[in-house]
Amino acid sequence: MKLQNEHVFVTGGAAGIGAAIVLDAAQQGARVSFCDIVVPAGEAYAAELTAQGFKVMFHQADVGKFDSLKVAHEAFVKELGPITCLVNNAGVNSNVDPVEMTDEEWNKFFDVDLKSVWHTAKLVLPSMRAAKKGAIVNIASIHARMTYPKYFPYAAAKSGVIGLTRNLALDEGIHQIRTNAVSPGYTLTPLLEAWFEMLPEKKAESMAVQPMARMAKTSEIAKVVTFLLSDDASFVNGADWIVDGGLSCRFA
């Protein structure tokens, strides 16, 4: 098990890609803590995995608020020990008109999708530096490199995540802390599947451009993340791993 003796902290871990990362990390032997803003889903998922024999802990947190993250972080460290691996997965989509968007909406969006990536790093880096070891994976998106109309300002935030990943890779590499990004393409999360049920024509449009004639399963994204967290990726630092089934090749 490649994450034996590690403490993996995942933001937004109650559903979708985040839930798949929580499960795969636990299956790889890690102690796993995760936060989410949706309490019932988080508590139920933690109970389900605990019943299966995994060491998993949930705490509610709004990643857009540093104080909320700090409370969760302190609870996790008290129960499971210092965090050795971090996955910044939490995020929200945005399709706001650039003229109509308010400063308040802008700040709230970037607090979740970009600032939270810095805030979680701020919390876990001191213990990683002391240990001279650590791994961080930030979930970005193919929208950082190619995007579509009506996604304002989602692409800007995800581009920022990749830039922040590179900054951390350079600044923290001396402490043997590796920071990488994973940029998923279309992934069959419950949210996307519900959207396709409402708009079947959108599913047809999306499938038509997929080189592999399908979309990713959440478990396929999770396995790339846990690889990057593990010592199998011990010299991988500052990279953006595009996991999109070849979709971005159409726009290269």
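To convert, note that position 65 of the sequence shown is 264 in the working numbering; the numbers rise steadily by one, no gaps.
By construction, the Cβ of each residue, glycine as well, lies at the ideal position given by its N, Cα and C atoms.
This structure is a prediction, so every number in the text was calculated from the model and none was measured.
Counting C-beta pairs with one atom in each stretch, the stretch 323-338 and the stretch 370-382 have three or more that are closer than 8 Å, which means they touch. Each residue's CA atom was taken as its position, placing Lys-269 and Leu-322 some 7 Å apart.
For Arg-344 and Ala-260, the gap between their C-alpha atoms comes out near 29 Å. Classified as exposed, Gly-445 has fewer than 16 neighbouring CB atoms from the shown chains inside 10 Å of its CB.
Per DSSP, reduced to three states, the secondary structure at Val-295 is coil, with no helix or strand assignment. Judged by DSSP in its simplified three-state form, Phe-233 adopts strand.
Around the beta carbon of Met-200, fewer than 16 other beta carbons lie within 10 angstroms, which makes this residue exposed. Note on the stretch 297-358: whole alpha helix (DSSP H) runs with a minimum of 4 residues are 302-309 and 315-330, in chain order. In the DSSP annotation of this structure, the continuous segment of the alpha helix (DSSP H) that includes Val-424 starts and ends at 417-428.
Apart from the 5 residues on each side of it in sequence, Ser-405 sits with its Cβ closer than 7 Å to the Cβ of Tyr-385 in its chain, given in chain order.
Assignment of Asn-379 by DSSP, reduced to helix, strand and coil, places it in the strand class. Burial state of Val-238 is exposed, judged by a 10 Å Cβ sphere holding fewer than 16 other Cβ atoms. A buried status is given to Leu-202, since no fewer than 16 other beta-carbon atoms sit within 10 Å of its beta-carbon.
Per DSSP, Leu-202 lies in no alpha helix (DSSP H) segment and is marked neither H nor E. Three or more beta-carbon pairs separated by less than 8 Å are not found between the stretch 275-283 and the stretch 235-249, which leaves the two stretches without contact. Taking the CA atoms as reference points, Gly-212 sits about 17 Å from Glu-273. The beta carbon of Phe-257 sits closer than 8 Å to the beta carbons of Gly-212, Ala-213, Ser-232, Phe-233, Cys-234, Asp-235, Gly-241, Glu-242, Tyr-244 and Ala-245 from its chain, once the five residues preceding and following it are set aside; these are given in chain order.
Within the DSSP bridge table, the entry for Cys-284 names Val-207 and Ala-334 as partners.
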